[in-house]
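Participant: For the sequence shown, position 180 (counting from the first letter as 1) is numbered 180 according to our numbering, and the numbering increases by one without interruption.
Even glycine gets a Cβ: it sits at the ideal position worked out from N, Cα and C.
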Amino acid sequence: MRVWISLDMEGVAGIVDWEQCRPGHPGYATGCELLQAEVNAAIDGALEGGATEIVLNDSHGRMANLDPRKVNGNARYISGRHKPLYMMQGLDGTFDAIFFVGYHGSISGHPSTLSHTYNPEVIARAVLNGVEVGESGINALVAEHHRVPIALVTGDQVTWAETAPYASGAESVITKESITRGAANSLHPDESCRLIKEAAANAVGKVAAGSVPLPGITRPATLEVDLGTADMAEVATWIGGVERSDERQVRVAGEDLLSIFTRFVAVTYITRQAGGR
Numbered sequence: 001m002r003v004w005i006s007l008d009m010e011g012v013a014g015i016v017d018w019e020q021c022r023p024g025h026p027g028y029a030t031g032c033e034l035l036q037a038e039v040n041a042a043i044d045g046a047l048e049g050g051a052t053e054i055v056l057n058d059s060h061g062r063m064a065n066l067d068p069r070k071v072n073g074n075a076r077y078i079s080g081r082h083k084p085l086y087m088m089q090g091l092d093g094t095f096d097a098i099f100f101v102g103y104h105g106s107i108s109g110h111p112s113t114l115s116h117t118y119n120p121e122v123i124a125r126a127v128l129n130g131v132e133v134g135e136s137g138i139n140a141l142v143a144e145h146h147r148v149p150i151a152l153v154t155g156d157q158v159t160w161a162e163t164a165p166y167a168s169g170a171e172s173v174i175t176k177e178s179i180t181r182g183a184a185n186s187l188h189p190d191e192s193c194r195l196i197k198e199a200a201a202n203a204v205g206k207v208a209a210g211s212v213p214l215p216g217i218t219r220p221a222t223l224e225v226d227l228g229t230a231d232m233a234e235v236a237t238w239i240g241g242v243e244r245s246d247e248r249q250v251r252v253a254g255e256d257l258l259s260i261f262t263r264f265v266a267v268t269y270i271t272r273q274a275g276g277r
């Protein structure tokens, strides 16, 4: 049983401020400790449930938020920026299960704490097949392409509500109840880790039993993205397959879900040069 984990940070219990998520700020070291504990809980639970191999993909910020020496279970750790598949780097059809750990709600997902969709300075809204989505829904394109189910999701209540349509049968851990974009009522970190470990073990068992279906994204699929400025939309159309559908909106459509995702990733990168970061 091979398990692939995409780890973010804003959905971790106890994290409510950008300073806890960004290197060089006073709260970052503590934020990394909280993240590492939840990731290790997911690893420990997966191994307890029968996983034989685990690969982590660091998907937050500069994507080097863990201390590799402290990663449990002899898991492999993909880190560093400018990865072709970004938050989904390393996933392929040889894996049996996907875990989303520390995920957060979309930029549209009120009141999700620290909500955004990939780049908060660029992306104002994303819609997949007519439904507003966050990072989990966009990332589900890659899961569907490789035919690997999303088996565990951890984060706030908005994150789970947004991910549930693509993770039927998955285990979930609500690490905190978001109050506003800057406040949340969090579980104690120890309790969050206990629940994540338990859920991870259950998730592996469900996958082994064949009771976790694929995301079920309909083809052909259409991803529409509202950007911050008209300039960003113009620059985005320089990417093949990206069409402008409104002054600030672009769209990518087709049968190839992986191609839709990689074009979206290209949009997030190129728009940094048009007023983003």
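1) Across which residues does DSSP place residue 6 in a beta bridge pair?
2) Just list the residues that DSSP pairs residue 77 with in beta bridges.
3) Measuring CA to CA, which of 19, 237, 7 and 6 is closest to residue 182?
4) For the pair the stretch 188–201 and the stretch 35–45, tell me if three or more CB-CB distances fall below 8 Å.
5) Please confirm whether residue 250 and residue 212 have their CB atoms less than 8 Å apart.
6) Would you decide whether residue 238 is buried or exposed? Buried here means 16 or more other CB atoms lie within 10 Å of its CB.
7) How would you call residue 185, buried or exposed, if buried means at least 16 neighbouring beta carbons within 10 angstroms?
8) Leaving out five residues before and five after residue 52 in sequence, what residues of the same chain have Cβ atoms less than 8 Å from its Cβ?
9) In the structure shown, what three-state DSSP assignment does residue 185 receive?
10) Closest to residue 50 by C-alpha separation, out of 192, 63 and 96, would be which residue?
11) Can you give me the Cβ contacts of residue 236 inside the same chain, cut-off strictly under 7 Å, excluding the 5 residues immediately before and after it?
12) Quick one: using the 10 Å Cβ neighbour count with 16 as the cut-off for buried, is residue 209 buried or exposed?
13) Does the contact criterion of 3 or more C-beta pairs under 8 Å hold for the stretch 124–135 versus the stretch 93–109?
14) In chain order, what residues of the same chain lie with their CB nearer than 8 Å to the CB of residue 26, ignoring the 5 residues before and after it?
15) Could you tell me the distance, in whole angstroms, from the CA atom of residue 7 to the CA atom of residue 166?
16) Looking at residue 103 and residue 79, is the spacing between their C-beta atoms short of 8 Å?
17) Which residue or residues does DSSP assign as beta-bridge partners of residue 249?
18) I'd like to know whether the C-beta atoms of residue 144 and residue 215 end up nearer to each other than 8 Å.
19) Cα-Cα, which of 38, 124 and 70 is closest to residue 279?
Facilitator: Straight from the coordinates:
1) Position 6 of the sequence shown, counting from 1, holds the residue named residue 6. In DSSP, residue 6 forms a bridge with 57 and 100.
2) In the sequence shown, residue 77 corresponds to position 77, counting from 1. For residue 77, which the question treats as bridged, DSSP gives the partners 56.
3) Residue mapping note: residue 182 aligns to position 182 of the sequence shown, counting from 1. Of the candidates 19, 237, 7 and 6, the one whose C-alpha sits nearest the C-alpha of residue 182 is 19.
4) yes
5) If you number the sequence shown from 1, residue 250 lands on position 250. If you number the sequence shown from 1, residue 212 lands on position 212. No.
6) In the sequence shown, residue 238 corresponds to position 238, counting from 1. Flag for residue 238 reads exposed.
7) The residue you call residue 185 lines up with position 185 of the sequence shown. Classification of residue 185: exposed, given that the 10 Å Cβ count is below 16.
8) In the sequence shown, the residue the question calls residue 52 occupies position 52. Around residue 52: 1 and 2.
9) Position 185 of the sequence shown holds residue 185. In the three-state scheme derived from DSSP, where H, G and I count as helix and E and B as strand, residue 185 is classed as strand.
10) To locate residue 50, count along the sequence shown from 1; it is residue 50. The residue with the shortest Cα to Cα distance from residue 50 is 96.
11) Position 236 of the sequence shown, counting from 1, holds the residue named residue 236. 227, 242, 250, 267, 270 and 271, listed in sequence order.
12) Counting from 1 along the sequence shown, the entry for residue 209 is found at position 209. With fewer than 16 other beta carbons inside 10 angstroms of its own, residue 209 counts as exposed.
13) yes
14) For this step, residue 26 is matched to residue 26 along the sequence shown. The answer, listed in chain order, is 19.
15) One-based indexing of the sequence shown puts residue 7 at position 7. One-based indexing of the sequence shown puts residue 166 at position 166. Straight-line Cα distance between these residues: approximately 17 Å.
16) The residue labelled residue 79 in the question sits at position 79 within the sequence shown. The residue labelled residue 103 in the question sits at position 103 within the sequence shown. Contact: no.
17) Taking the first residue of the sequence shown as 1, we reach residue 249 at position 249. Looking at the DSSP assignment, residue 249 forms a beta bridge with 226.
18) Numbered from 1 along the sequence shown, position 144 holds the residue referred to as residue 144. Numbered from 1 along the sequence shown, position 215 holds the residue referred to as residue 215. In this structure, residue 215 lies closer than 8 Å to residue 144 by Cβ.
19) A query on residue 279 cannot be resolved here, the shown segment of the chain reaching from 1 to 277 and no further.
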